[in-house]
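Residue numbers (this note's numbering): 161 to 303.
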(Lines of atoms letter the chains of each structure in order from A; the text may use other names.)
(Lines give C-alpha, C1' and ligand atoms only; values in the text may rest on other atoms or scores of the structure.)
Protein backbone atom coordinates (compact mmCIF):
# COMPACT_ATOMS: atom_id res chain seq x y z
CA UNK A 161 0.00 0.00 0.00
CA UNK A 162 1.66 3.22 -1.18
CA UNK A 163 -0.93 5.75 -0.01
CA UNK A 164 -3.04 5.91 3.12
CA UNK A 165 -5.98 8.27 3.59
CA UNK A 166 -6.88 9.39 7.11
CA UNK A 167 -9.85 11.53 8.09
CA UNK A 168 -9.85 13.89 11.05
CA UNK A 169 -11.51 16.93 12.55
CA UNK A 170 -10.32 20.41 11.58
CA UNK A 171 -8.97 22.57 14.36
CA UNK A 172 -7.32 25.16 12.10
CA UNK A 173 -8.07 25.19 8.39
CA UNK A 174 -5.70 25.29 5.47
CA UNK A 175 -3.55 23.07 3.30
CA UNK A 176 0.07 21.99 3.61
CA UNK A 177 2.23 19.17 2.40
CA UNK A 178 5.67 18.02 3.36
CA UNK A 179 7.81 15.45 5.08
CA UNK A 180 6.49 13.95 8.32
CA UNK A 181 8.22 14.13 11.67
CA UNK A 182 6.53 11.77 14.13
CA UNK A 183 6.73 12.38 17.88
CA UNK A 184 5.57 9.20 19.60
CA UNK A 185 6.42 10.76 22.96
CA UNK A 186 4.98 14.08 24.07
CA UNK A 187 7.39 16.97 24.50
CA UNK A 188 7.16 20.22 26.38
CA UNK A 189 7.61 23.71 25.01
CA UNK A 190 9.68 24.98 27.95
CA UNK A 191 12.80 22.83 28.19
CA UNK A 192 11.76 20.68 25.26
CA UNK A 193 11.81 22.97 22.25
CA UNK A 194 14.27 25.62 21.10
CA UNK A 195 12.19 28.63 20.09
CA UNK A 196 14.90 30.00 17.79
CA UNK A 197 15.43 26.86 15.69
CA UNK A 198 12.37 24.65 16.25
CA UNK A 199 14.72 21.89 17.44
CA UNK A 200 13.68 19.42 20.13
CA UNK A 201 16.23 19.96 22.90
CA UNK A 202 14.92 17.55 25.55
CA UNK A 203 17.80 15.06 25.78
CA UNK A 204 15.45 12.28 26.93
CA UNK A 205 13.14 12.63 23.92
CA UNK A 206 13.53 10.19 21.02
CA UNK A 207 13.59 13.14 18.55
CA UNK A 208 16.32 15.02 20.43
CA UNK A 209 18.27 17.18 17.98
CA UNK A 210 15.62 17.07 15.22
CA UNK A 211 13.77 20.17 14.11
CA UNK A 212 10.01 20.45 13.61
CA UNK A 213 10.66 23.38 11.26
CA UNK A 214 9.20 22.85 7.81
CA UNK A 215 7.75 19.44 8.73
CA UNK A 216 4.30 17.97 9.09
CA UNK A 217 4.38 17.35 12.84
CA UNK A 218 2.51 14.20 13.86
CA UNK A 219 2.21 13.87 17.61
CA UNK A 220 0.25 12.39 20.45
CA UNK A 221 -0.11 15.64 22.37
CA UNK A 222 1.74 18.16 24.48
CA UNK A 223 3.52 17.71 27.78
CA UNK A 224 3.70 20.22 30.58
CA UNK A 225 1.83 23.45 31.06
CA UNK A 226 0.52 26.15 28.75
CA UNK A 227 4.12 26.92 27.75
CA UNK A 228 3.60 24.57 24.81
CA UNK A 229 1.33 27.09 23.08
CA UNK A 230 3.70 29.94 23.93
CA UNK A 231 6.57 28.09 22.27
CA UNK A 232 4.47 27.26 19.16
CA UNK A 233 3.68 30.97 18.91
CA UNK A 234 7.37 31.89 19.28
CA UNK A 235 8.58 29.43 16.65
CA UNK A 236 5.93 30.73 14.25
CA UNK A 237 7.16 34.30 14.81
CA UNK A 238 10.73 33.08 14.25
CA UNK A 239 9.71 31.30 11.01
CA UNK A 240 10.86 27.90 12.27
CA UNK A 241 7.50 26.25 12.90
CA UNK A 242 5.94 23.17 11.37
CA UNK A 243 3.95 23.29 8.11
CA UNK A 244 0.99 21.52 9.74
CA UNK A 245 0.21 19.64 12.95
CA UNK A 246 -1.68 16.40 13.45
CA UNK A 247 -2.33 15.49 17.07
CA UNK A 248 -4.10 12.55 18.62
CA UNK A 249 -5.03 13.68 22.16
CA UNK A 250 -7.16 16.81 22.37
CA UNK A 251 -6.33 19.00 25.36
CA UNK A 252 -6.68 22.71 26.01
CA UNK A 253 -2.92 23.22 25.57
CA UNK A 254 -3.02 21.49 22.16
CA UNK A 255 -6.02 23.55 21.02
CA UNK A 256 -4.36 26.78 22.15
CA UNK A 257 -1.10 25.72 20.48
CA UNK A 258 -3.00 24.98 17.28
CA UNK A 259 -4.65 28.39 17.25
CA UNK A 260 -1.42 30.34 17.75
CA UNK A 261 0.57 28.24 15.28
CA UNK A 262 -1.40 29.58 12.26
CA UNK A 263 -0.87 26.31 10.35
CA UNK A 264 -3.37 23.62 9.33
CA UNK A 265 -4.20 21.40 12.31
CA UNK A 266 -6.26 18.21 12.58
CA UNK A 267 -7.25 15.89 15.43
CA UNK A 268 -9.79 13.12 16.21
CA UNK A 269 -8.72 10.74 13.44
CA UNK A 270 -10.49 7.65 12.14
CA UNK A 271 -7.09 5.92 12.00
CA UNK A 272 -4.38 6.58 14.58
CA UNK A 273 -1.77 8.58 12.60
CA UNK A 274 0.95 7.45 15.01
CA UNK A 275 0.36 3.88 13.87
CA UNK A 276 0.70 4.55 10.13
CA UNK A 277 2.80 7.69 9.59
CA UNK A 278 6.59 7.39 9.84
CA UNK A 279 9.39 9.95 9.72
CA UNK A 280 10.07 10.84 6.10
CA UNK A 281 6.64 9.94 4.74
CA UNK A 282 5.17 12.61 2.44
CA UNK A 283 1.97 13.98 3.99
CA UNK A 284 -0.71 16.19 2.44
CA UNK A 285 -2.93 17.86 5.02
CA UNK A 286 -6.24 19.31 3.81
CA UNK A 287 -7.58 20.52 7.13
CA UNK A 288 -10.59 22.30 5.60
CA UNK A 289 -11.92 18.96 4.36
CA UNK A 290 -10.49 16.86 7.20
CA UNK A 291 -8.40 14.70 4.86
CA UNK A 292 -4.79 13.56 5.18
CA UNK A 293 -3.03 11.64 2.41
CA UNK A 294 0.13 9.79 3.39
CA UNK A 295 2.60 8.56 0.79
CA UNK A 296 4.97 6.10 2.38
CA UNK A 297 8.66 7.01 2.08
CA UNK A 298 9.39 3.81 0.16
CA UNK A 299 6.92 4.96 -2.52
CA UNK A 300 8.57 8.42 -2.56
CA UNK A 301 11.92 6.86 -3.50
CA UNK A 302 10.44 5.10 -6.53
CA UNK A 303 9.03 8.29 -8.08
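Beta carbons: idealized from backbone N, C-alpha and C, even for Gly.
All figures in this text were calculated on a predicted structure; none of them were measured in a lab.
Handout entry: Range covered by the beta strand (DSSP E) that runs through residue 249
Key = First-last for residue 249: undefined, no H or E at that position.
Problem - Own chain residues within Cβ distance below 8 Å of residue 248, not counting five before or after - result: 219, 220, 221, 267, 269, 272, 273, 274
Handout entry: Proximal residues to residue 238 (C-beta, below 7 Å), its chain only, five neighbours per side dropped
Key = 195, 196
Handout entry: Test item: CB-CB of residue 240 and residue 213 under 8 Å
Key = yes
Practice task
Take residue 217 and list the residues in its own chain whose beta-carbon comes closer than 6 Å to its own, dropping the five residues that flank it on each side.
Solution key: 181, 242, 245
Exercise for the section: Return the residue from the list 288, 289, 292, 277 that minimises the CA-CA distance to residue 298. Expected result: 277
Exercise for the section: State the Cα-Cα distance for the pair residue 252 and residue 163, rounded to the nearest angstrom. Expected result: 32 Å
Problem - Distance between beta carbons of residue 206 and residue 184, contact taken as under 8 Å - result: 7 Å
Exercise for the section: Please report how far the alpha carbon of residue 284 lies from the alpha carbon of residue 172, in whole angstroms. Expected result: 15 Å
Exercise for the section: Spatial neighbours of residue 315 within its chain, please: CB distance less than 7 Å, with the 5 preceding and 5 following residues excluded, ordered by chain position. Expected result: With the chain running from 161 to 303 in the structure shown, residue 315 is simply not present.
Practice task
Per DSSP, which residues does residue 274 bridge with? Please list them.
Solution key: Answer is none; residue 274 lacks a bridge partner.
Practice task
Would you identify the three-state DSSP class for residue 237, choosing helix, strand or coil?
Solution key: helix
Problem - residue 208, buried or exposed, once every other Cβ within 10 Å from all chains shown has been counted against 16 - result: exposed
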